[in-house]
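Working notes, structure below.
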Amino acid sequence: MKKTFLALLASFSLSSTAQVTLIHNVNGYTPTKSQQIERFSSLVIKDGKVVKTSSKDLSTQYPSATKFDGEGKTLLPGLIDAHGHIIGLGNNLLTLDVRGSKTIAEVGKRLSHYAKAHEGEWIIGRGWDQTLWPGGQFPTAADLDTYVKDKPVMLIRVDGHAIWVNSKAMALANISKSTKTPEGGEIITLNSGMPSGIFIDKAEDLIRTHVPAQSDAQVNKALNKAGEHLLSLGITSAHDAGIDHTTWQVYQTRAKEHSMPLRVYAMLSASSPKLAEMLDAGVIKDTRDQLSIRSVKIYADGALGSRGAALIRDYHDRKGHKGLMLENQATLEALITQAIRSGYSAHTHAIGDRANRIVLDSYQHVFKKAGGRLLRNRIEHAQIVHLDDIPRFKTLDIIPSMQPVHATSDMHMAEKRLDDKQLSGAYAWQTFLKQGSRVAAGSDFPVELANPFHGLHAAITRQDHQDLPKDGWRPTEKLTREQALQAFTVDAAYAAFQEYKLGSLEQGKWADFILIDQDYFTVSEDKIDDIKVEQTWIAGELKYQR
(Lines of atoms letter the chains of each structure in order from A and count residues from 1; the text may use other names and numbers.)
(Lines give C-alpha, C1' and ligand atoms only; values in the text may rest on other atoms or scores of the structure.)
Protein backbone atom coordinates (compact mmCIF):
# COMPACT_ATOMS: atom_id res chain seq x y z
CA MET A 1 0.00 0.00 0.00
CA LYS A 2 1.15 3.56 -0.65
CA LYS A 3 2.56 5.57 2.26
CA THR A 4 -0.16 8.20 1.87
CA PHE A 5 -2.79 5.48 2.19
CA LEU A 6 -1.14 4.10 5.33
CA ALA A 7 -0.98 7.58 6.83
CA LEU A 8 -4.67 8.06 6.23
CA LEU A 9 -5.39 4.69 7.85
CA ALA A 10 -3.36 5.61 10.88
CA SER A 11 -5.20 8.88 11.36
CA PHE A 12 -8.69 7.65 10.52
CA SER A 13 -11.22 6.96 13.26
CA LEU A 14 -14.94 6.29 13.20
CA SER A 15 -15.43 8.22 16.42
CA SER A 16 -17.72 10.52 14.47
CA THR A 17 -20.74 8.37 13.72
CA ALA A 18 -21.78 10.73 10.93
CA GLN A 19 -18.55 10.06 9.05
CA VAL A 20 -19.00 8.55 5.60
CA THR A 21 -16.20 6.39 4.26
CA LEU A 22 -15.64 5.62 0.59
CA ILE A 23 -13.52 2.63 -0.37
CA HIS A 24 -12.82 3.03 -4.08
CA ASN A 25 -10.71 1.52 -6.84
CA VAL A 26 -11.33 -2.03 -5.69
CA ASN A 27 -12.11 -5.26 -7.51
CA GLY A 28 -15.10 -6.06 -5.35
CA TYR A 29 -17.32 -9.15 -5.21
CA THR A 30 -20.25 -9.91 -2.93
CA PRO A 31 -22.95 -12.57 -2.79
CA THR A 32 -26.51 -11.20 -2.84
CA LYS A 33 -29.96 -12.24 -1.64
CA SER A 34 -30.64 -13.59 -5.13
CA GLN A 35 -27.65 -15.94 -4.72
CA GLN A 36 -25.77 -14.14 -7.46
CA ILE A 37 -22.30 -12.62 -7.25
CA GLU A 38 -22.36 -8.86 -7.72
CA ARG A 39 -19.26 -6.92 -8.76
CA PHE A 40 -18.39 -3.38 -7.71
CA SER A 41 -15.51 -0.92 -7.57
CA SER A 42 -16.76 1.40 -4.80
CA LEU A 43 -18.10 0.75 -1.31
CA VAL A 44 -19.78 3.44 0.80
CA ILE A 45 -19.91 3.00 4.60
CA LYS A 46 -21.68 5.01 7.29
CA ASP A 47 -21.88 4.19 11.00
CA GLY A 48 -20.13 0.90 10.31
CA LYS A 49 -22.73 -0.30 7.81
CA VAL A 50 -22.94 -0.54 4.04
CA VAL A 51 -24.73 2.36 2.35
CA LYS A 52 -24.21 1.10 -1.18
CA THR A 53 -21.84 -0.57 -3.61
CA SER A 54 -21.37 0.64 -7.16
CA SER A 55 -19.38 -0.02 -10.30
CA LYS A 56 -19.05 3.75 -10.71
CA ASP A 57 -16.69 6.29 -9.17
CA LEU A 58 -18.73 7.84 -6.35
CA SER A 59 -16.23 10.56 -5.37
CA THR A 60 -18.41 13.40 -6.66
CA GLN A 61 -21.52 11.93 -5.03
CA TYR A 62 -19.76 11.79 -1.64
CA PRO A 63 -17.34 14.74 -1.75
CA SER A 64 -16.84 14.97 2.02
CA ALA A 65 -16.30 11.24 2.57
CA THR A 66 -13.03 9.91 3.93
CA LYS A 67 -11.61 8.14 0.90
CA PHE A 68 -9.40 5.08 0.68
CA ASP A 69 -7.81 3.92 -2.55
CA GLY A 70 -7.90 0.13 -2.69
CA GLU A 71 -5.30 0.18 -5.48
CA GLY A 72 -7.23 -2.34 -7.53
CA LYS A 73 -7.03 -5.09 -4.94
CA THR A 74 -9.76 -7.72 -4.68
CA LEU A 75 -12.33 -7.07 -1.95
CA LEU A 76 -14.59 -9.78 -0.53
CA PRO A 77 -17.03 -9.86 2.39
CA GLY A 78 -15.44 -10.90 5.67
CA LEU A 79 -15.31 -14.69 5.81
CA ILE A 80 -17.33 -16.60 8.40
CA ASP A 81 -16.10 -19.86 9.91
CA ALA A 82 -19.26 -21.74 10.90
CA HIS A 83 -17.51 -24.27 13.13
CA GLY A 84 -14.40 -23.68 15.18
CA HIS A 85 -13.16 -23.69 18.76
CA ILE A 86 -11.90 -20.21 19.56
CA ILE A 87 -10.46 -20.75 23.02
CA GLY A 88 -9.08 -24.10 21.90
CA LEU A 89 -7.32 -22.32 19.03
CA GLY A 90 -5.93 -19.70 21.38
CA ASN A 91 -4.71 -22.39 23.77
CA ASN A 92 -3.16 -24.23 20.85
CA LEU A 93 -1.26 -21.11 19.84
CA LEU A 94 -0.06 -20.62 23.42
CA THR A 95 0.81 -24.21 24.39
CA LEU A 96 2.65 -27.21 22.95
CA ASP A 97 1.79 -27.83 19.30
CA VAL A 98 2.71 -31.25 17.90
CA ARG A 99 0.64 -30.97 14.70
CA GLY A 100 2.28 -32.57 11.68
CA SER A 101 4.69 -34.75 13.68
CA LYS A 102 5.75 -37.70 11.53
CA THR A 103 7.00 -39.94 14.34
CA ILE A 104 6.68 -40.43 18.10
CA ALA A 105 10.29 -39.28 18.38
CA GLU A 106 9.38 -35.97 16.75
CA VAL A 107 6.58 -35.49 19.29
CA GLY A 108 9.06 -36.32 22.05
CA LYS A 109 11.58 -33.78 20.78
CA ARG A 110 8.99 -31.00 20.77
CA LEU A 111 7.77 -32.10 24.20
CA SER A 112 11.28 -32.04 25.68
CA HIS A 113 11.98 -28.53 24.39
CA TYR A 114 8.63 -27.27 25.64
CA ALA A 115 9.06 -28.86 29.10
CA LYS A 116 12.41 -27.11 29.59
CA ALA A 117 10.99 -23.69 28.69
CA HIS A 118 7.64 -23.76 30.50
CA GLU A 119 6.52 -24.09 34.09
CA GLY A 120 3.18 -25.32 35.36
CA GLU A 121 1.50 -28.25 37.05
CA TRP A 122 0.69 -30.01 33.79
CA ILE A 123 2.08 -30.02 30.26
CA ILE A 124 -0.79 -29.72 27.80
CA GLY A 125 -0.44 -30.02 24.04
CA ARG A 126 -2.39 -30.88 20.94
CA GLY A 127 -2.11 -32.04 17.37
CA TRP A 128 -0.81 -35.63 17.21
CA ASP A 129 -2.20 -37.98 14.58
CA GLN A 130 -1.03 -41.57 14.66
CA THR A 131 -2.24 -42.18 11.10
CA LEU A 132 0.74 -40.08 9.92
CA TRP A 133 3.28 -42.33 11.66
CA PRO A 134 4.93 -45.55 10.45
CA GLY A 135 2.52 -48.38 11.24
CA GLY A 136 -0.27 -45.97 12.20
CA GLN A 137 -0.65 -47.47 15.69
CA PHE A 138 -1.69 -45.61 18.82
CA PRO A 139 1.26 -44.60 21.04
CA THR A 140 1.60 -45.41 24.75
CA ALA A 141 2.31 -43.69 28.07
CA ALA A 142 5.75 -45.29 28.05
CA ASP A 143 6.54 -43.43 24.83
CA LEU A 144 5.94 -40.13 26.65
CA ASP A 145 7.74 -41.29 29.82
CA THR A 146 10.93 -41.45 27.77
CA TYR A 147 10.81 -37.66 27.47
CA VAL A 148 8.91 -36.42 30.55
CA LYS A 149 8.10 -38.57 33.57
CA ASP A 150 8.23 -36.20 36.56
CA LYS A 151 5.25 -34.06 35.49
CA PRO A 152 1.83 -35.08 34.10
CA VAL A 153 1.52 -34.73 30.32
CA MET A 154 -1.71 -34.69 28.32
CA LEU A 155 -1.52 -34.44 24.54
CA ILE A 156 -4.84 -34.07 22.72
CA ARG A 157 -5.30 -35.79 19.38
CA VAL A 158 -5.67 -33.43 16.43
CA ASP A 159 -9.45 -34.06 16.26
CA GLY A 160 -9.95 -33.52 20.00
CA HIS A 161 -11.54 -36.96 20.44
CA ALA A 162 -8.65 -38.78 22.11
CA ILE A 163 -5.89 -37.95 24.57
CA TRP A 164 -2.44 -39.45 25.07
CA VAL A 165 -0.99 -39.19 28.58
CA ASN A 166 2.12 -40.28 30.41
CA SER A 167 2.33 -42.55 33.45
CA LYS A 168 2.47 -39.60 35.85
CA ALA A 169 -0.91 -38.37 34.59
CA MET A 170 -2.43 -41.84 34.94
CA ALA A 171 -1.05 -42.16 38.48
CA LEU A 172 -2.57 -38.79 39.49
CA ALA A 173 -5.92 -39.96 38.09
CA ASN A 174 -5.63 -43.34 39.87
CA ILE A 175 -5.86 -45.23 36.59
CA SER A 176 -5.28 -48.96 36.89
CA LYS A 177 -6.15 -52.26 35.25
CA SER A 178 -9.44 -52.23 37.18
CA THR A 179 -10.51 -48.77 35.96
CA LYS A 180 -13.92 -49.07 34.34
CA THR A 181 -14.49 -47.63 30.88
CA PRO A 182 -17.30 -45.06 30.92
CA GLU A 183 -20.15 -45.52 28.46
CA GLY A 184 -19.42 -43.61 25.27
CA GLY A 185 -15.66 -43.96 25.71
CA GLU A 186 -12.81 -46.39 25.18
CA ILE A 187 -9.60 -47.04 27.08
CA ILE A 188 -6.98 -48.58 24.80
CA THR A 189 -5.18 -51.32 26.74
CA LEU A 190 -1.87 -53.13 26.45
CA ASN A 191 -1.58 -56.91 26.11
CA SER A 192 -1.18 -56.99 29.90
CA GLY A 193 -4.62 -55.40 30.30
CA MET A 194 -3.13 -52.18 31.68
CA PRO A 195 -4.38 -48.91 30.17
CA SER A 196 -1.94 -47.88 27.47
CA GLY A 197 -2.20 -44.13 27.92
CA ILE A 198 -4.80 -43.53 25.18
CA PHE A 199 -8.29 -42.46 26.28
CA ILE A 200 -10.98 -41.94 23.64
CA ASP A 201 -14.04 -39.68 23.84
CA LYS A 202 -15.84 -39.98 27.21
CA ALA A 203 -12.94 -41.92 28.68
CA GLU A 204 -10.96 -38.66 28.43
CA ASP A 205 -12.89 -37.39 31.46
CA LEU A 206 -11.03 -39.87 33.67
CA ILE A 207 -7.94 -37.70 33.11
CA ARG A 208 -9.38 -34.28 32.29
CA THR A 209 -11.12 -33.92 35.66
CA HIS A 210 -7.65 -33.75 37.26
CA VAL A 211 -6.37 -30.96 34.98
CA PRO A 212 -6.68 -27.48 36.59
CA ALA A 213 -9.51 -25.44 35.07
CA GLN A 214 -8.64 -22.32 33.09
CA SER A 215 -8.98 -18.98 34.85
CA ASP A 216 -10.76 -15.95 33.37
CA ALA A 217 -7.36 -14.42 32.66
CA GLN A 218 -6.23 -17.50 30.73
CA VAL A 219 -9.45 -17.55 28.68
CA ASN A 220 -9.04 -13.86 27.87
CA LYS A 221 -5.46 -14.43 26.79
CA ALA A 222 -6.52 -17.32 24.56
CA LEU A 223 -9.36 -15.21 23.08
CA ASN A 224 -6.98 -12.38 22.23
CA LYS A 225 -4.45 -14.75 20.65
CA ALA A 226 -7.09 -16.56 18.60
CA GLY A 227 -8.65 -13.26 17.55
CA GLU A 228 -5.36 -11.92 16.20
CA HIS A 229 -4.81 -15.11 14.24
CA LEU A 230 -8.31 -15.30 12.77
CA LEU A 231 -8.32 -11.65 11.69
CA SER A 232 -5.01 -12.20 9.89
CA LEU A 233 -6.73 -14.94 7.88
CA GLY A 234 -9.72 -12.80 6.88
CA ILE A 235 -12.19 -14.33 9.34
CA THR A 236 -14.45 -11.62 10.75
CA SER A 237 -16.95 -13.95 12.45
CA ALA A 238 -16.63 -17.43 13.93
CA HIS A 239 -19.13 -19.91 15.34
CA ASP A 240 -17.64 -21.26 18.56
CA ALA A 241 -18.73 -24.89 18.78
CA GLY A 242 -19.20 -25.61 22.47
CA ILE A 243 -18.27 -23.15 25.22
CA ASP A 244 -18.04 -23.73 28.96
CA HIS A 245 -19.37 -21.51 31.75
CA THR A 246 -16.11 -19.56 32.18
CA THR A 247 -15.97 -18.72 28.48
CA TRP A 248 -19.68 -17.81 28.55
CA GLN A 249 -18.95 -15.26 31.26
CA VAL A 250 -15.80 -13.90 29.59
CA TYR A 251 -17.59 -13.42 26.25
CA GLN A 252 -20.38 -11.44 27.86
CA THR A 253 -17.95 -9.21 29.74
CA ARG A 254 -15.92 -8.55 26.59
CA ALA A 255 -19.05 -7.79 24.56
CA LYS A 256 -20.18 -5.25 27.18
CA GLU A 257 -16.72 -3.66 27.03
CA HIS A 258 -16.89 -3.63 23.18
CA SER A 259 -13.58 -5.50 23.16
CA MET A 260 -14.43 -8.71 21.31
CA PRO A 261 -11.64 -9.17 18.72
CA LEU A 262 -14.11 -10.50 16.13
CA ARG A 263 -17.78 -11.45 15.92
CA VAL A 264 -18.67 -14.64 17.79
CA TYR A 265 -21.74 -16.85 17.54
CA ALA A 266 -21.28 -19.22 20.47
CA MET A 267 -22.88 -22.58 21.22
CA LEU A 268 -23.27 -23.68 24.84
CA SER A 269 -21.64 -27.02 25.52
CA ALA A 270 -24.31 -29.61 26.37
CA SER A 271 -21.77 -31.37 28.57
CA SER A 272 -21.39 -28.35 30.86
CA PRO A 273 -22.72 -29.03 34.39
CA LYS A 274 -24.01 -25.44 34.29
CA LEU A 275 -26.00 -25.82 31.06
CA ALA A 276 -29.36 -25.21 32.76
CA GLU A 277 -28.05 -22.07 34.45
CA MET A 278 -26.80 -20.67 31.13
CA LEU A 279 -30.03 -21.51 29.33
CA ASP A 280 -32.06 -19.84 32.09
CA ALA A 281 -30.24 -16.57 31.31
CA GLY A 282 -31.98 -16.56 27.92
CA VAL A 283 -30.70 -15.72 24.47
CA ILE A 284 -27.69 -13.37 24.58
CA LYS A 285 -27.18 -10.83 21.83
CA ASP A 286 -25.62 -7.36 21.72
CA THR A 287 -26.71 -4.45 19.54
CA ARG A 288 -23.50 -4.39 17.49
CA ASP A 289 -23.71 -8.12 16.70
CA GLN A 290 -20.35 -8.79 18.32
CA LEU A 291 -21.78 -11.67 20.36
CA SER A 292 -24.70 -14.03 19.86
CA ILE A 293 -25.41 -17.01 22.12
CA ARG A 294 -28.57 -18.86 21.13
CA SER A 295 -27.63 -22.49 20.48
CA VAL A 296 -26.48 -25.63 22.27
CA LYS A 297 -23.72 -27.91 21.00
CA ILE A 298 -24.60 -31.56 21.59
CA TYR A 299 -22.18 -34.44 21.01
CA ALA A 300 -23.50 -37.65 19.44
CA ASP A 301 -20.40 -39.62 18.44
CA GLY A 302 -16.63 -39.48 18.18
CA ALA A 303 -14.27 -38.95 15.24
CA LEU A 304 -13.26 -41.08 12.28
CA GLY A 305 -9.51 -40.92 12.92
CA SER A 306 -9.82 -42.50 16.37
CA ARG A 307 -12.55 -44.89 15.12
CA GLY A 308 -15.04 -43.21 17.41
CA ALA A 309 -17.45 -42.13 14.66
CA ALA A 310 -20.57 -44.31 15.02
CA LEU A 311 -21.20 -46.45 11.93
CA ILE A 312 -24.11 -48.58 10.75
CA ARG A 313 -21.71 -51.32 9.63
CA ASP A 314 -18.29 -52.33 10.97
CA TYR A 315 -15.16 -50.32 10.33
CA HIS A 316 -13.46 -51.70 7.26
CA ASP A 317 -10.14 -51.83 9.14
CA ARG A 318 -11.48 -53.06 12.52
CA LYS A 319 -14.01 -55.84 12.28
CA GLY A 320 -16.56 -56.04 15.05
CA HIS A 321 -16.20 -52.33 15.85
CA LYS A 322 -18.84 -49.76 14.90
CA GLY A 323 -17.54 -46.71 16.80
CA LEU A 324 -18.99 -44.89 19.80
CA MET A 325 -22.27 -43.16 20.49
CA LEU A 326 -21.51 -40.60 23.20
CA GLU A 327 -25.19 -40.30 24.07
CA ASN A 328 -28.11 -42.66 23.51
CA GLN A 329 -31.16 -41.49 21.58
CA ALA A 330 -33.22 -40.77 24.70
CA THR A 331 -30.52 -38.47 26.05
CA LEU A 332 -30.10 -36.75 22.69
CA GLU A 333 -33.84 -36.09 22.55
CA ALA A 334 -33.83 -34.76 26.11
CA LEU A 335 -30.97 -32.35 25.33
CA ILE A 336 -32.55 -31.17 22.07
CA THR A 337 -35.86 -30.62 23.90
CA GLN A 338 -34.11 -28.70 26.69
CA ALA A 339 -32.47 -26.40 24.16
CA ILE A 340 -35.62 -25.81 22.12
CA ARG A 341 -37.82 -25.11 25.14
CA SER A 342 -35.29 -22.44 26.16
CA GLY A 343 -35.58 -20.80 22.74
CA TYR A 344 -32.18 -22.15 21.72
CA SER A 345 -31.23 -24.03 18.54
CA ALA A 346 -29.70 -27.50 18.82
CA HIS A 347 -26.45 -28.07 16.93
CA THR A 348 -25.43 -31.72 17.16
CA HIS A 349 -22.03 -33.21 16.34
CA ALA A 350 -22.48 -36.32 14.17
CA ILE A 351 -19.75 -37.79 11.96
CA GLY A 352 -20.64 -41.43 11.31
CA ASP A 353 -23.69 -42.62 9.34
CA ARG A 354 -25.23 -44.29 12.41
CA ALA A 355 -24.81 -41.12 14.48
CA ASN A 356 -26.32 -38.99 11.72
CA ARG A 357 -29.31 -41.32 11.43
CA ILE A 358 -29.92 -41.37 15.20
CA VAL A 359 -29.60 -37.58 15.41
CA LEU A 360 -32.05 -37.10 12.54
CA ASP A 361 -34.46 -39.50 14.27
CA SER A 362 -34.02 -37.52 17.48
CA TYR A 363 -34.81 -34.20 15.80
CA GLN A 364 -37.84 -35.72 14.10
CA HIS A 365 -39.26 -37.05 17.37
CA VAL A 366 -38.61 -33.82 19.27
CA PHE A 367 -40.20 -31.64 16.58
CA LYS A 368 -43.40 -33.69 16.84
CA LYS A 369 -43.54 -33.27 20.62
CA ALA A 370 -41.96 -29.89 21.33
CA GLY A 371 -41.73 -28.04 18.00
CA GLY A 372 -38.58 -26.09 17.25
CA ARG A 373 -38.20 -27.12 13.62
CA LEU A 374 -37.72 -23.50 12.50
CA LEU A 375 -34.85 -22.82 14.90
CA ARG A 376 -32.25 -23.57 12.22
CA ASN A 377 -31.03 -26.64 14.02
CA ARG A 378 -27.84 -28.07 12.63
CA ILE A 379 -25.81 -31.24 12.36
CA GLU A 380 -22.18 -30.35 12.82
CA HIS A 381 -19.84 -32.20 10.42
CA ALA A 382 -22.38 -34.52 8.71
CA GLN A 383 -19.34 -36.28 7.25
CA ILE A 384 -20.52 -39.84 6.60
CA VAL A 385 -24.25 -39.88 5.86
CA HIS A 386 -26.21 -42.82 4.43
CA LEU A 387 -27.70 -41.87 1.06
CA ASP A 388 -31.18 -42.59 2.41
CA ASP A 389 -30.67 -39.98 5.13
CA ILE A 390 -29.37 -37.03 3.10
CA PRO A 391 -32.91 -35.98 1.95
CA ARG A 392 -34.03 -35.93 5.59
CA PHE A 393 -31.84 -32.87 6.23
CA LYS A 394 -34.07 -30.95 3.82
CA THR A 395 -37.40 -32.35 5.00
CA LEU A 396 -36.50 -31.65 8.65
CA ASP A 397 -34.91 -28.23 7.91
CA ILE A 398 -31.59 -29.37 9.39
CA ILE A 399 -28.59 -27.34 8.26
CA PRO A 400 -25.50 -29.40 7.35
CA SER A 401 -22.60 -27.51 8.95
CA MET A 402 -19.60 -28.95 7.14
CA GLN A 403 -15.85 -28.40 6.94
CA PRO A 404 -14.39 -28.82 3.43
CA VAL A 405 -10.83 -29.32 4.69
CA HIS A 406 -11.93 -32.48 6.49
CA ALA A 407 -12.47 -34.21 3.16
CA THR A 408 -8.97 -33.56 1.87
CA SER A 409 -7.35 -34.22 5.25
CA ASP A 410 -9.33 -37.41 5.82
CA MET A 411 -9.47 -38.90 2.33
CA HIS A 412 -6.59 -41.39 2.67
CA MET A 413 -7.54 -42.36 6.21
CA ALA A 414 -11.25 -42.55 5.30
CA GLU A 415 -10.54 -45.04 2.51
CA LYS A 416 -8.88 -47.31 5.08
CA ARG A 417 -11.61 -46.92 7.68
CA LEU A 418 -14.56 -47.30 5.29
CA ASP A 419 -15.47 -49.27 2.18
CA ASP A 420 -16.78 -47.65 -0.99
CA LYS A 421 -20.43 -48.16 -0.10
CA GLN A 422 -19.95 -46.45 3.25
CA LEU A 423 -18.25 -43.55 1.45
CA SER A 424 -21.09 -43.05 -1.02
CA GLY A 425 -22.59 -40.27 1.11
CA ALA A 426 -19.32 -38.91 2.46
CA TYR A 427 -18.52 -35.18 2.50
CA ALA A 428 -21.43 -34.77 0.08
CA TRP A 429 -21.55 -30.97 -0.25
CA GLN A 430 -22.90 -30.76 -3.79
CA THR A 431 -25.56 -33.38 -3.10
CA PHE A 432 -26.78 -31.31 -0.14
CA LEU A 433 -26.88 -28.13 -2.22
CA LYS A 434 -28.74 -29.78 -5.11
CA GLN A 435 -31.58 -30.81 -2.81
CA GLY A 436 -31.90 -27.22 -1.54
CA SER A 437 -30.00 -27.47 1.74
CA ARG A 438 -27.76 -24.58 2.75
CA VAL A 439 -24.24 -25.70 3.63
CA ALA A 440 -22.59 -23.63 6.36
CA ALA A 441 -18.84 -24.00 5.87
CA GLY A 442 -16.08 -23.86 8.44
CA SER A 443 -12.75 -25.43 9.34
CA ASP A 444 -13.15 -26.99 12.83
CA PHE A 445 -10.01 -25.14 13.94
CA PRO A 446 -7.75 -26.09 15.70
CA VAL A 447 -8.52 -29.62 14.47
CA GLU A 448 -7.61 -28.19 11.06
CA LEU A 449 -5.76 -24.99 10.27
CA ALA A 450 -8.10 -22.00 10.39
CA ASN A 451 -7.13 -20.54 7.00
CA PRO A 452 -10.45 -20.20 5.10
CA PHE A 453 -8.69 -20.16 1.74
CA HIS A 454 -7.60 -23.73 2.48
CA GLY A 455 -11.29 -24.53 2.95
CA LEU A 456 -12.30 -22.72 -0.24
CA HIS A 457 -9.57 -24.58 -2.16
CA ALA A 458 -10.70 -27.94 -0.73
CA ALA A 459 -14.35 -27.22 -1.53
CA ILE A 460 -13.60 -26.29 -5.14
CA THR A 461 -10.92 -28.87 -6.00
CA ARG A 462 -11.29 -31.68 -3.41
CA GLN A 463 -7.50 -31.83 -3.59
CA ASP A 464 -4.76 -31.51 -0.98
CA HIS A 465 -2.06 -28.83 -1.07
CA GLN A 466 -0.04 -30.98 -3.48
CA ASP A 467 -3.03 -30.82 -5.87
CA LEU A 468 -3.76 -34.53 -5.45
CA PRO A 469 -5.61 -36.57 -6.49
CA LYS A 470 -5.42 -35.23 -10.02
CA ASP A 471 -9.15 -34.71 -10.63
CA GLY A 472 -10.12 -34.40 -6.98
CA TRP A 473 -11.33 -37.00 -4.47
CA ARG A 474 -14.88 -38.12 -5.25
CA PRO A 475 -15.08 -35.09 -7.58
CA THR A 476 -18.85 -35.09 -8.18
CA GLU A 477 -19.16 -33.33 -4.80
CA LYS A 478 -16.98 -30.34 -5.76
CA LEU A 479 -18.42 -26.86 -5.31
CA THR A 480 -18.15 -23.97 -7.74
CA ARG A 481 -16.27 -20.87 -6.62
CA GLU A 482 -19.58 -19.07 -6.18
CA GLN A 483 -21.05 -21.89 -4.07
CA ALA A 484 -17.94 -22.15 -1.91
CA LEU A 485 -17.84 -18.41 -1.21
CA GLN A 486 -21.52 -18.43 -0.35
CA ALA A 487 -20.98 -21.31 2.12
CA PHE A 488 -18.30 -19.25 3.91
CA THR A 489 -20.37 -16.05 3.92
CA VAL A 490 -24.16 -15.70 3.56
CA ASP A 491 -25.03 -19.35 4.23
CA ALA A 492 -22.83 -19.39 7.33
CA ALA A 493 -24.59 -16.19 8.43
CA TYR A 494 -27.99 -17.81 7.76
CA ALA A 495 -27.01 -20.72 10.01
CA ALA A 496 -26.66 -18.19 12.85
CA PHE A 497 -29.83 -16.14 12.12
CA GLN A 498 -27.56 -13.35 10.86
CA GLU A 499 -28.21 -13.24 7.13
CA TYR A 500 -29.71 -9.74 7.39
CA LYS A 501 -26.66 -8.44 9.25
CA LEU A 502 -23.63 -10.34 7.94
CA GLY A 503 -22.32 -12.40 5.07
CA SER A 504 -22.53 -9.95 2.17
CA LEU A 505 -21.92 -6.29 1.40
CA GLU A 506 -25.52 -5.28 0.79
CA GLN A 507 -27.22 -2.13 2.01
CA GLY A 508 -27.77 -2.01 5.76
CA LYS A 509 -25.41 -4.87 6.63
CA TRP A 510 -22.27 -4.45 8.68
CA ALA A 511 -19.28 -3.42 6.57
CA ASP A 512 -17.13 -6.46 7.31
CA PHE A 513 -14.72 -7.08 4.43
CA ILE A 514 -11.23 -8.12 3.43
CA LEU A 515 -8.70 -7.09 0.80
CA ILE A 516 -6.68 -9.97 -0.65
CA ASP A 517 -3.60 -10.23 -2.84
CA GLN A 518 -5.13 -12.25 -5.70
CA ASP A 519 -8.48 -12.36 -7.47
CA TYR A 520 -10.33 -15.31 -5.94
CA PHE A 521 -12.52 -15.69 -9.04
CA THR A 522 -9.78 -15.64 -11.68
CA VAL A 523 -6.68 -17.10 -10.02
CA SER A 524 -6.05 -20.72 -11.04
CA GLU A 525 -7.74 -23.25 -8.76
CA ASP A 526 -4.44 -24.64 -7.51
CA LYS A 527 -3.47 -21.16 -6.21
CA ILE A 528 -6.61 -20.44 -4.18
CA ASP A 529 -5.04 -21.87 -1.02
CA ASP A 530 -2.09 -19.47 -1.49
CA ILE A 531 -4.24 -16.32 -1.31
CA LYS A 532 -3.08 -13.93 1.42
CA VAL A 533 -5.14 -11.37 3.29
CA GLU A 534 -3.86 -7.80 3.07
CA GLN A 535 -6.45 -6.16 5.32
CA THR A 536 -9.41 -7.14 7.48
CA TRP A 537 -12.15 -4.64 8.37
CA ILE A 538 -15.05 -5.06 10.80
CA ALA A 539 -17.91 -2.55 10.90
CA GLY A 540 -15.92 -0.21 8.68
CA GLU A 541 -12.86 -0.24 10.96
CA LEU A 542 -9.46 -1.63 10.02
CA LYS A 543 -8.66 -4.50 12.40
CA TYR A 544 -5.71 -6.15 10.67
CA GLN A 545 -3.11 -5.10 8.14
CA ARG A 546 -0.46 -7.40 6.76
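Just so you know, the sequence shown maps onto residues 0 to 545 in numbering that gives the first Met the number 0.
Backbone N, C-alpha and C define an ideal beta-carbon position, used for all residues, glycine too.
It should be emphasised that the depicted structure is a prediction, and the values quoted were computed from it without experimental measurement.
query                                                                                                                       : result
Proximity of Pro151 and Leu171 at Cβ, strictly below 8 angstroms                                                            : yes
Delimiting residues of the alpha helix (DSSP H) encompassing Val157                                                         : Per DSSP, Val157 belongs to no alpha helix (DSSP H) and is neither H nor E.
In DSSP terms, what Asp239 is bridged to                                                                                    : Gly83, Ala265
Cα-Cα separation, Tyr146 to Ala140                                                                                          : 10 angstroms
CA-to-CA distance, Glu481 to Ser12, given in whole angstroms                                                                : Here Ser12 scores only 41 on pLDDT, less than 50, and its place in the model is too uncertain to base an answer on.
Local conformation of Ile527 per DSSP, three classes                                                                        : helix
Inter-residue Cα distance where the pair is Gln248 and Asp419                                                               : 46 angstroms
contact_flag[the region 254–266, the region 320–329] where n(CB pairs < 8 angstroms) is 3 or more                           : no
His23 - containing alpha helix (DSSP H), residue span                                                                       : Counting along the chain, His23 falls outside any alpha helix (DSSP H), though it belongs to the beta strand (DSSP E) covering 19–23.
In DSSP terms, what Gln534 is bridged to                                                                                    : Leu514, Gln544
C-beta contact flag for Leu88 and Phe452 at 8 angstroms                                                                     : no
Anticipated Cβ contact below 8 angstroms, Arg372 with Leu395, distance rounded                                              : 7 angstroms
Burial state of Tyr499 (16 or more Cβ within 10 Å)                                                                          : exposed
For Ala225 and Pro76, the rounded distance between their alpha carbons                                                      : 20 angstroms
Validate contact between the region 39–49 and the region 533–541 using beta carbons, cut 8 angstroms, 3 pairs               : yes
Buried or exposed (CB count within 10 angstroms, at least 16 for buried), His160                                            : buried
Host alpha helix (DSSP H) of Ser231 (start-end)                                                                             : 215–231
contact_flag[the region 270–286, the region 242–259] where n(CB pairs < 8 angstroms) is 3 or more                           : yes
Close-in-space but distant-in-sequence residues of the same chain around Gln485 (CB under 8 angstroms, 5 per side omitted)  : Pro30, Gln34
Minimum length 4: unbroken alpha helix (DSSP H) runs contained in the region 73–144                                         : 85–93, 103–116, 140–144
Start and end residues, beta strand (DSSP E) containing His346                                                              : 344–349
Proximity to Gln289 [Cα-Cα], best of Leu374, Thr475, Ser258, Leu310                                                         : Ser258
C-alpha gap between Ser58 and Gly71, whole angstroms                                                                        : 16 angstroms
Complete runs of the beta strand (DSSP E) confined to the region 34–73 [at least 3 residues]                                : 36–39, 41–45, 48–53, 65–68
Gln402 vs Gly441 beta-carbon contact at 8 angstroms                                                                         : yes
Ile162 (DSSP reduced to helix, strand or coil)                                                                              : strand
Within 8 angstroms, strictly: CB atoms of Leu74 and Gly135                                                                  : no
Beta carbon of Gly351 nearer than 8 angstroms to that of Asp128                                                             : no
Gly565, enclosing beta strand (DSSP E) - first and last residue                                                             : In this structure the chain extends from 0 to 545, so residue 565 is not present and cannot be described.
For Asn190, the first and last residue of its enclosing beta strand (DSSP E)                                                : Run containing Asn190: none; DSSP gives neither H nor E here.
Backbone CA spacing between Gln18 and Asp68 [nearest angstrom]                                                              : 17 angstroms
Opposing strand residues paired with Trp428 [DSSP bridges]                                                                  : Answer by DSSP bridge pairing: none, since Trp428 is not bridged.
The region 165–181 / the region 213–225 touching (three or more Cβ pairs under 8 angstroms)                                 : no
Val365 versus Ala483: straight-line alpha-carbon distance, rounded                                                          : 32 angstroms
Nonlocal neighbours in the same chain, by C-beta distance under 7 angstroms from Glu524, ignoring five residues either side : Ile459, Thr460
Local conformation of Asp300 per DSSP, three classes                                                                        : strand
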